[in-house]
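Novice: One structure, as structure tokens, below. Some questions next.
Protein chains: 2
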Amino acid sequence: MEKVCFGIDVGGTTVKIGLFTTDAKLVDSMEIPTRKEDEGSHILPDICQAIEAKLVEKKITRDNLVGVGIGIPGPITKDGTVLNCVNLGWGMFNVEDKLSQMLGGVTVKAGNDANVAALGETWQGGGRGFEDLVLVTLGTGVGGGVIIGGKIVTGSNGAAGEIGHIPAVTHDAETCGCGKKGCLETVGSATGIVREAKKALAKSEEPSKLRNIEDFTCKDIFDAAKEEDKLALEVVDKLAYHLGKAIAGIAAVTNPQVIVIGGGVSKAGKFLLDKIEDNFGEYAFHATKNAKFALATLGNDAGMYGAAALIIG
Amino acid sequence: MEKVCFGIDVGGTTVKIGLFTTDAKLVDSMEIPTRKEDEGSHILPDICQAIEAKLVEKKITRDNLVGVGIGIPGPITKDGTVLNCVNLGWGMFNVEDKLSQMLGGVTVKAGNDANVAALGETWQGGGRGFEDLVLVTLGTGVGGGVIIGGKIVTGSNGAAGEIGHIPAVTHDAETCGCGKKGCLETVGSATGIVREAKKALAKSEEPSKLRNIEDFTCKDIFDAAKEEDKLALEVVDKLAYHLGKAIAGIAAVTNPQVIVIGGGVSKAGKFLLDKIEDNFGEYAFHATKNAKFALATLGNDAGMYGAAALIIG
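Respectively, the protein sequence lines represent chains A and B. Just so it is clear: in the first sequence, position 134 is 134 by our numbering, and no numbers are missing. Just so it is clear: in the second sequence, position 51 is 1051 by our numbering, and no numbers are missing.
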């Protein structure tokens, strides 16, 4: 019988559970609600129940389950200790030990969800074939992960890859959700991009398609920019400037082979990627300049893939 | 008989060769000139000769030599391939293989000199006891190294830890030796600090002790600042701002336990360290904020120590 593992991505709303064969194929997946009540104490039992049920359904015996990988939306240390996961209501405990115990001693490996997603993109996504990678996720916030030698860089408090909080903006800087001013997230997130566009509209008399769209979204801005709407283009160019420059800084630190851009904002595709790469070329140290740029390809499944890669990657 | 290794730091002018016992003690050291003529082809034979002579002198038999570590002033890949070391006149070749062959098969490990110095500071210097470290070297230029899990981060082209080339200055930015504008090196190096002071003197009428010193040095600026010379203080504060902010960016990428400040400029001591740390505290993401700051302690020996650490660290 084929050997399998589970790759689990715990989100604030749902838990995604993927069943992988050891040749990296996602053969089945399911989603269960994340029950955050009672300090998140139902989450791990719910996951165990789902895993046990799937093993029975698929007639997989215990000795064919090589392990369970799990991504958590919060900081987690190298040894699997969750530090304080407010998104799930969890305090401090070792999630690897606990889940392993609940599953009768199965190997469990855990990581931060953004870092695990970076591992997923390295293993089977946009960064496939590379072992030194940086993932930059442009979504509601800006996150990411750093992979060196095919392994997640966790950092001393599990806070490596917190790319959204690189100081980036010096003038006219907005306050970030973290409390600091001028973080990359303030201009690189979907929310930040919309805010920047609104600021630009308020500041000028420049005609723009965006003026006709009530509550325009990040996608509207990119659509307008692609149609050469001058104001929208300026907003996108400013975004690409800050991203390219920050990534040049990251490259001077870890010198990656490939930079993968993911998250909802990355749906703007090659149009955005090329602009980021141009700015990167402008600001990157020559010895780091040949880094490739790629779009993430696993979308919302990156977390499941990366979690599985913790076991079989 | 005690086991030993050599830690070698190849500089543009001299080669420093340290003899270490495997309990990390530097028991002897010597310096030979770096003969760069003939495409640097004498450098490795000179090193071999010095090693052989030292083994004879100390009556150390071959089987008690556990290995030779070597730091090179240029980019070098994980497998020991020197890419193009203009400082030594070297082209592309595997220095580990070549030196090992010349020494009759002894284990040889090589690294970039700045990265190797970071390893030295981690092993026996200012970062002792930590395994996730960033070294920032403020000298003629700004260099550094990144250590994760006690190992050097090399990067895909050996260009990891090129901290001096992080984009840092946006306004009134100077051109860096690398050709880019606004690199951290343009304000953080000894040369950069003196230039910034000259600019500040030219721009204002502010009285300053520096006006009375012809060709003042970086040390003069720090001395004046320590005596509360307003203009000198402003120059130091600006330096500390750029360094603290750039280090906050580095911390968002690798989340180190400790940041070690070295190089000639770091002789300004705790006065400078505290100012950098204050700015770091201002710009660092909360989960990375508890990084410790320390001064490098090995000085010019860091390279020898780090090279030895490649073998016995």
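For glycine and all other residues, C-beta sits at the position ideal for the given N, C-alpha and C.
Can you give me the Cβ contacts of Tyr1283 of chain B inside the same chain, cut-off strictly under 7 Å, excluding the 5 residues immediately before and after it?
Specialist: Contacts found: Gly1244, Lys1245 and Ala1248.
Novice: With DSSP as the reference, label Thr1021 of chain B as helix, strand or coil.
Specialist: Strand at Thr1021 of chain B.
Novice: Does Ser1266 of chain B come within less than 9 Å of chain A when only Cβ atoms are used?
Specialist: So no, Ser1266 of chain B is outside the interface.
Novice: How would you list, in chain order, the residues of chain A whose beta-carbon sits under 8 Å from the beta-carbon of Asn1157 of chain B?
Specialist: Within 8 Å Cβ-Cβ: Asn255, Ala287, Thr288 and Asn290.
Novice: Determine, for Ile1213 of chain B, whether the minimum Cβ-Cβ distance to residues of chain A falls below 9 Å.
Specialist: With 9 Å as the cut-off, Ile1213 of chain B does not count as an interface residue toward chain A.
Novice: Looking at the structure shown, is Ile1250 of chain B part of a helix, part of a strand, or coil, going by DSSP?
Specialist: Reduced to three states, the DSSP call for Ile1250 of chain B is helix.
Novice: List, from N- to C-terminal side, the alpha helix (DSSP H) runs of 4 residues or more that fit wholly inside the stretch 1225-1298 of chain B.
Specialist: If we require 4 residues or more, the alpha helix (DSSP H) runs fully inside the stretch 1225-1298 of chain B come out as 1230-1254 and 1270-1283.
Novice: Could you give the first and the last residue of the continuous alpha helix (DSSP H) run that contains Glu96 of chain A?
Specialist: Val95 to Met102 is the span of the alpha helix (DSSP H), which, as asked, contains Glu96 of chain A.
Novice: Among residues of its own chain, excluding the 5 on either side of Gly1018 of chain B, which ones have a beta-carbon nearer than 6 Å to its beta-carbon?
Specialist: Gly1007, Leu1026, Ser1029 and Met1304, listed in sequence order.
Novice: Give the straight-line distance between the Cα atoms of Gly1011 of chain B and Gly1040 of chain B, rounded to the nearest whole angstrom.
Specialist: Rounded to the nearest angstrom, the two C-alpha atoms are 12 Å apart.
Novice: Is the beta carbon of Pro1358 of chain B less than 9 Å from the beta carbon of Met1092 of chain B?
Specialist: Coverage of chain B is limited to positions 1001 through 1313, which leaves residue 1358 of chain B absent and any answer about it impossible.
Novice: Compute the distance between the beta-carbons of Ala302 of chain A and Gly120 of chain A, then report whether it is under 9 Å.
Specialist: A contact, by the Cβ cut-off of 9 Å.
Novice: Measuring from the CB of Val265 of chain A, is there a heavy atom of the ligand MG at a distance below 8 Å?
Specialist: This structure lacks the ligand MG; in fact it carries no ligand of any kind.
Novice: Could you name the residues of the same chain whose beta carbon sits closer than 8 Å to that of Leu1083 of chain B, not counting the 5 residues immediately before and after it, in chain order?
Specialist: Contacts found: Gly1074, Pro1075, Ile1076, Thr1077, Met1092, Asn1157 and Gly1158.
Novice: Are the Cβ atoms of Cys373 of chain A and Ala200 of chain A separated by less than 9 Å?
Specialist: The structure shown has nothing for residue 373 of chain A, since chain A only spans 1 to 313.
Novice: Rank A:Ala118, A:Glu196 and A:Pro167 by C-alpha distance to the C-alpha of His1286 of chain B and give the top, closest one.
Specialist: For the residues A:Ala118, A:Glu196 and A:Pro167, the minimum Cα distance to His1286 of chain B belongs to A:Pro167.
Novice: Residues of chain A with CB closer than 9 Å to the CB of Ile1312 of chain B, please, in chain order.
Specialist: Within chain A, no residue comes near Ile1312 of chain B; the closest Cβ sits about 22 Å away, beyond 9 Å.
Novice: Around the C-beta of Gln1049 of chain B, are 16 or more other C-beta atoms found within 10 angstroms, so that it is buried, or is it exposed?
Specialist: By the 10 Å Cβ count, Gln1049 of chain B comes out exposed.
Novice: Keeping to the same chain, check which residues put their C-beta closer than 6 Å to that of Leu1055 of chain B; ignore five residues upstream and five downstream.
Specialist: Excluding positions up to five away in sequence, the list is empty.
Novice: Can you give me the Cβ contacts of His242 of chain A inside the same chain, cut-off strictly under 7 Å, excluding the 5 residues immediately before and after it?
Specialist: Cβ neighbours of His242 of chain A beyond the five flanking positions: Ala168, Val169, Leu184, Val187 and Gly188.
Novice: Under 7 Å Cβ to Cβ from Phe1130 of chain B, same chain only, skipping five residues before and after it: list those, please.
Specialist: Cβ neighbours of Phe1130 of chain B beyond the five flanking positions: Thr1122, Gln1257 and Val1258.
Novice: Hey, is Val146 of chain A's beta-carbon within less than 9 Å of any beta-carbon in chain B?
Specialist: Val146 of chain A counts as touching chain B.
Novice: In angstroms with no decimal places, state the Cα-to-Cα distance between Phe280 of chain A and Ile250 of chain A.
Specialist: Going by the C-alpha atoms only, they are around 10 Å apart.
Novice: Could you tell me which whole beta strand (DSSP E) segments of length 3 or greater appear in the stretch 1053-1131 of chain B?
Specialist: Counting whole runs of 3 or more residues, the stretch 1053-1131 of chain B contains the beta strand (DSSP E) stretches 1065-1072 and 1108-1112.
Novice: Given a limit of 7 Å on CB to CB distance, which residues of the stretch 55-78 of chain A reach chain B?
Specialist: Residues Pro75.
Novice: Let me check one thing: in DSSP terms, what residues is Ser29 of chain A bridge-paired to?
Specialist: Looking at the DSSP assignment, Ser29 of chain A forms a beta bridge with A:Gly18.
Novice: Which residue marks the beginning of the alpha helix (DSSP H) containing Leu1201 of chain B, and which one marks its end?
Specialist: Residues Ala1190 to Lys1203.
Novice: For Leu1295 of chain B, which residues in the same chain have their Cβ closer than 8 Å to its Cβ, ignoring the five residues on either side in sequence?
Specialist: Cβ neighbours of Leu1295 of chain B beyond the five flanking positions: Gly1126, Val1260, Ile1261, Gly1262, Ser1266, Gly1269, Lys1270 and Leu1273.
Novice: Would you list, in chain order, the members of the stretch 1172-1184 of chain B that have their beta-carbon closer than 7 Å to a beta-carbon of chain A?
Specialist: Listed by position, the residues of the stretch 1172-1184 of chain B near chain A (Cβ gap below 7 Å) are Cys1178 and Lys1180.
Novice: Using beta-carbon positions only, say whether Val1066 of chain B and Val1004 of chain B come within less than 9 Å of one another.
Specialist: A contact, by the Cβ cut-off of 9 Å.
Novice: Relative to the C-alpha of Lys151 of chain A, which candidate in A:Ala110, A:His165 and A:Thr13 has its C-alpha closest?
Specialist: It is A:Ala110 whose Cα lies nearest to the Cα of Lys151 of chain A.
Novice: Quick one: give me the first and last residue of the beta strand (DSSP E) that Gly1141 of chain B is part of.
Specialist: No beta strand (DSSP E) holds Gly1141 of chain B; DSSP gives it neither H nor E.
Novice: Would you say Val1187 of chain B faces chain A, with C-beta separation under 9 Å as the test?
Specialist: No - not a single Cβ of chain A is within 9 Å of the one on Val1187 of chain B.
Novice: Mind listing the chain B neighbours of His165 of chain A? Cutoff is C-beta to C-beta under 7 Å, in chain order.
Specialist: Here the neighbours are Ala1252 and Phe1285.
Novice: What is the residue span of the beta strand (DSSP E) that Asp9 of chain A lies within?
Specialist: Taken as a continuous stretch (DSSP letters only), the beta strand (DSSP E) holding Asp9 of chain A covers Val4 to Val10.
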